[in-house]
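S.K.: I'd like to ask some things about the structure below.
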Amino acid sequence: MSLLAVEALCQEYRVPAGVFARRPLVAVDRVSLGLREGETLGVVGESGSGKSTLARCILQLERPSGGTVTFDGRELTTLGGRELRGVRRLLQMVFQDPAASLNPRLRVGYTVAEPLRLHRLREGGAAVGARVEELLRAVGLGPEHVDRYPHQLSGGQQQRVAIARALACEPRLVALDEPTSALDVSVQAALLALLRDLQARLGLAYLFISHDLAVVSAMAGRLMVMYLGQVVEEGAATELLARPRHPYTQALVSAVPRDTPWAEPARLVVAGEPGSSLARAAGCRFAPRCPWAVGRCRAEPQPLRPVGAGHAAACWRAAAGELPPWPGTAGRTERR
Amino acid sequence: MSGPLLEIRGLRVEFATPRGVARVLVGVDLDVDRGEVVGLVGESGCGKSVTALAVLRLLRAPGRVSGGRVRFQGRDLLALPEPGMRGVRGRGIAMIFQAPRDCLNPVLTIGRQLGLLLARHDRVAGGAATARARELCEMVELPDPERVLRAYPHELSGGMCQRAMIALALACRPALLIADEATTALDVTVQLQILLLLRGLRDTLGLAQLIITHNLGVVAEACQRVAVMYAGEIVETAAVGELFAAPRHPYTRRLLAARPRIGAAPDGEPIPGSVPDPLARPPGCAFHPRCHRAQPRCGEQHPEPAVLGPGRTVRCYYPEP
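Chains as they are written, first to last, in this note's numbering: chain A, 41 to 376; chain B, 6 to 326.
Set out below in structure tokens:
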């Protein structure tokens with residue numbers, strides 16, 4: 041059974057449209073997903089795709105406007121008060137900007153100890169202190185960091201503290217929202233290695249959110265691609281990256297800067313920009329930018345359709361085999 | 006006029022801080038030829054942006070150039086009087102930045118901003134200026150130029166703002182464009198559009214470019230030659246293909262190995278330690294405390310760039326084979 045099962049999750053905001061008028065912005069539109077113990081699901085999308093809102097709604101940091109979130113057999117969207125607090129301990133989040141997500145006036149030791157005290161996971165100063173040091177060691181920091189303030193740490197060290205704080209709750213699922221986007225390449229590599237190591241040791245499930253396909257592919261076994269609030273494609277990471285079927289995924293894979301100067305990547309370059317979730321189109325939201333869009337794409341909503349084993353795309357033309365074949369990374373020609 | 010378009014030699018920049026003098030650039034050597042696209046790559050704090058600002062003499066106190074020289078089209082920029090320097094900025098060297106919307110004037114339309122620029126530098130106004138503005142919009146592939154020229158920056162998307170920035174930069178027909186992390190803030194599909202646009206400008210206008218980035222993928226995509234920067238100096242220069250095929254500086258090799266790649270297992274053995282504090286630079290090679298190839302000599306002597314071939318230098322006593 042899945043640890044986490046999300047069904048038709050929706051989040052709608054009312055945003056100002058004029059002085060008194062409000063109009064709906066559908067940030068997350070009927071998203072369903074499942075996540076097993078110890079598994080990583082990568083969520084990829086550009087700004088405004090709703091990937092962060094999705095994570096916040098799953099963790100009940102904001103209440104979704106529709107759909108269900110079942111965690112370990114319990115439905116979270118109707119849970120409140122003490123019960124919700126108990127479950128929330130098991131679902132933790134690490135944010136993009138560690139400098140902003142750590143309290144600048146609290147020492148590292150206090151920040152990591154706070155969840156231990158709140159959830160009564162350790163009693164007594166000595167037990168809390170020992171656990172804090174253990175957690176810091178687990179993320180590659182030493183006892184000398186206990187008395188530091190966040191500004192005395194590098195970005196990579198700050199993010200390690202944020203991870204230690206999340207782990208203090210002994211969670212079963214951690215939502216990682218662009219955890220390495222603010223870090224330099226060399227620091228990023230070390231942090232990704234740490235996250236993989238922690239997952240192997242603790243059996244954590246990760247919801248790994250990123251705009252960077254290369255980073256996600258290093259972390260996740262399965263991928264979900266979002267565009268303006270909707271899932272446009274999902275499948276095994278290797279399959280989805282080698283043979284993307286939705287034109288948007290193809291454009292996204294194309295847009296990853298080439299590995300080497302001599303690589304000649306197969307490319308679908310699309311014009312325009314994502315636009316906004318405000319303008320609700322009847323049909324596919326990618327249709328205005330899609331080079332293969334026809335009348336039916338603009339007229340009908342596009343649910344996910346199977347395009348391979350465990351692989352689905354929200355494109356009827358892809359499912360019908362009407363799109364040109366994608367050469368994929370295997371088709372890259374190398375010239376020296 | 007001989008020699009490269011832009012020639013930087015031994016450029017040094019210091020920042021006076023309450024804790025002492027921070028040596029941010031400790032002798033930067035860099036050339037950009039006519040029509041050439043050079044990447045300047047390094048991690049945050051290595052001095053990439055400071056190099057660009059020093060070249061344009063836009064450094065603000067407490068930063069100051071403390072040594073070296075910068076020649077552009079044969080002129081010594083560091084010795085040029087300020088009025089002459091104003092002629093170089095925009096007309097000789099134009100620069101675009103990471104946050105295009107912050108660099109545009111929020112209370113003027115794009116058309117007005119282009120018009121002011123053309124009136125000031127090219128002394129054209131009226132119909133001629135309008136025609137030139139439209140031509141610039143087409144050059145940067147802005148869709149619907151009429152609408153864009155009437156629009157304020159907040160009415161345009163991030164990608165369109167960056168195109169408008171590039172149009173402003175091209176208005177005075179510069180010989181060199183410096184792009185400082187110009188695609189970093191953009192979504193990847195839009196980043197690719199801008200990179201393809203910059204490549205097109207090189208091909209059609211012969212526009213030389215200095216592309217400052219932390220992203221080696223952007224270098225692979227856009228540049229012909231590349232200089233790798235670490236702690237205020239250039240540690241390796243090479244043709245872009247050579248650098249990716251056979252990095253010679255240990256830092257370059259580690260940096261290339263550390264980047265995540267699609268379909269490749271991450272083999273990024275992380276670089277231990279962190280970038281040195283510019284107030285307390287280690288003796289010898291600045292990278293030696295983190296280097297897997299370091300020998301005793303590396304901690305004692307500061308290596309000079311060794312020439313390995315045409316356009317290929319490495320600042321290391323024990324380069325990678």
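Each residue gets a CB set at the ideal place from its N, CA and C atoms; glycine is no exception.
Would you report the Cα separation of A/Arg372 and B/Leu201, rounded to the nearest angstrom?
M.R.: Because the pLDDT of A/Arg372 is 40, which lies under 50, any placement of that residue in the model is unreliable, and the number read from its coordinates should be weighed accordingly. Roughly 18 Å between the two C-alpha positions.
S.K.: Can the beta-carbon of B/Gly92 be found less than 8 Å from the beta-carbon of B/Ile216?
M.R.: Result no, Cβ atoms of B/Gly92 and B/Ile216 do not sit closer than 8 Å.
S.K.: To the nearest angstrom, how far is it from the Cα of A/Gln100 to the Cα of A/Cys50?
M.R.: Those two C-alpha atoms are separated by around 13 Å.
S.K.: Pop quiz: A/Arg262 and A/Leu94 are said to be a contact at Cβ under 8 Å. What is the actual Cβ separation, rounded to whole angstroms?
M.R.: With 8 Å as the limit, A/Arg262 and A/Leu94 do not qualify as a contact, their Cβ atoms being about 15 Å apart.
S.K.: Leaving out five residues before and five after B/Pro308 in sequence, what residues of the same chain have Cβ atoms less than 7 Å from its Cβ?
M.R.: Counting only Cβ-Cβ distances below 7 Å, and skipping sequence neighbours, we find Cys290, Arg320, Cys321, Tyr322.
S.K.: In terms of residue numbering, what span does the alpha helix (DSSP H) encompassing A/Val148 cover?
M.R.: Per DSSP, A/Val148 belongs to the alpha helix (DSSP H) from 148-158.
S.K.: Since A/Ser221 is in the beta strand (DSSP E), which residue starts that stretch and which ends it?
M.R.: Here A/Ser221 belongs to no beta strand (DSSP E), and DSSP marks it neither H nor E.
S.K.: Which class does B/Gly32 belong to by DSSP, given the choice of helix, strand or coil?
M.R.: In this structure, B/Gly32 counts as strand in the three-state DSSP scheme.
S.K.: Who are the near neighbours of A/Ala358 in its chain, counting only those whose CB is closer than 8 Å to its CB and skipping five residues on each side?
M.R.: Answer for A/Ala358: Arg285, His286, Pro287, Arg345, Val347, listed in chain order.
S.K.: For A/Asn143, count neighbouring Cβ atoms within 10 angstroms of its own Cβ and tell me buried if that reaches 16, exposed if not.
M.R.: Label assigned to A/Asn143: exposed.
S.K.: Leaving out the 5 sequence neighbours to the left and right, which residues in its chain are closer than 7 Å to B/Glu226 when beta-carbon positions are compared?
M.R.: Counting only Cβ-Cβ distances below 7 Å, and skipping sequence neighbours, we find Leu200.
S.K.: Can you give the Cα-Cα distance for A/Pro328 and B/Val312, rounded to whole angstroms?
M.R.: In a straight line, the C-alpha of A/Pro328 is about 52 Å away from that of B/Val312.
S.K.: Using 7 Å as the cut-off, classify the Cβ of B/Arg14 as near or not near the heavy atoms of the ligand SAH, replying yes or no.
M.R.: The ligand SAH is not part of the structure shown, which contains no ligands of any sort.
S.K.: Do you know offhand how far A/Arg375's Cα is from A/Val310's?
M.R.: Residue placement at A/Arg375 is poorly supported in this model, since its pLDDT is 31, which falls under 50; the coordinates still yield a value, given next. Whole-angstrom Cα-Cα distance: 25 Å.
S.K.: Under a Cβ-count criterion, where at least 16 other Cβ atoms within 10 Å of its own Cβ denotes burial, should A/Ser316 be classed as buried or exposed?
M.R.: So A/Ser316 counts as exposed.
S.K.: Report yes or no: do three or more beta-carbon pairs, one from the stretch 141-149 of chain B and one from the stretch 170-183 of chain B, lie closer than 8 Å?
M.R.: Verdict: yes, contact present.
S.K.: From this set, A/Ser294, A/Gly269, A/Ala206, which residue's C-alpha is nearest A/Leu130's C-alpha?
M.R.: With distances taken between Cα atoms, A/Leu130 lies closest to A/Ala206.
S.K.: Which bits of chain A does B/His219 rub up against, with CB to CB less than 9 Å?
M.R.: By Cβ distance, chain A contributes Asp224, Val225.
S.K.: Name the chain B residues whose beta carbon is nearer than 9 Å to that of A/Val347?
M.R.: Neighbours of A/Val347 on chain B: none; closest Cβ ~20 Å, over 9 Å.
S.K.: Out of B/Gln306, B/Pro277, B/Arg204, which one is the CA nearest neighbour of B/Pro288?
M.R.: Comparing Cα positions, the closest option is B/Gln306.
S.K.: Taking three-plus beta-carbon pairs below 8 Å as touching, is the stretch 174-193 of chain B in contact with the stretch 91-106 of chain B?
M.R.: Flag = yes, the stretch 174-193 of chain B and the stretch 91-106 of chain B touch.
S.K.: Can you list the alpha helix (DSSP H) stretches of 4 or more residues lying completely in the stretch 67-152 of chain B, in chain order?
M.R.: Taking only runs of at least 4 residues, the alpha helix (DSSP H) segments lying wholly in the stretch 67-152 of chain B are 87-93, 105-108, 115-122, 131-144.
S.K.: Pick from A/Gln197, A/Val134, A/Asp299: whose alpha carbon is nearest that of B/Leu248?
M.R.: Taking only the C-alpha atoms, the option nearest B/Leu248 is A/Asp299.
S.K.: Apart from the five residues on each side of it in sequence, which residues of its chain come closer than 6 Å, Cβ to Cβ, to B/Glu12?
M.R.: Within the same chain, B/Glu12 has close Cβ partners Asp36, Arg76.
S.K.: Nearest CA to the CA of B/Arg317: which residue from B/Ala262, B/Ala244, B/Leu260?
M.R.: Ranking the options by Cα distance to B/Arg317, first place goes to B/Ala244.
S.K.: What is the rounded straight-line gap between the Cα of A/Pro314 and the Cα of B/Leu109?
M.R.: So the two alpha carbons sit approximately 22 Å from each other.
S.K.: Please list the partners that B/Asp38 has in chain A, where partner means a Cβ-to-Cβ separation under 8 Å.
M.R.: Per Cβ cutoff of 8 Å: no residues; B/Asp38 is ~18 Å from chain A at best.
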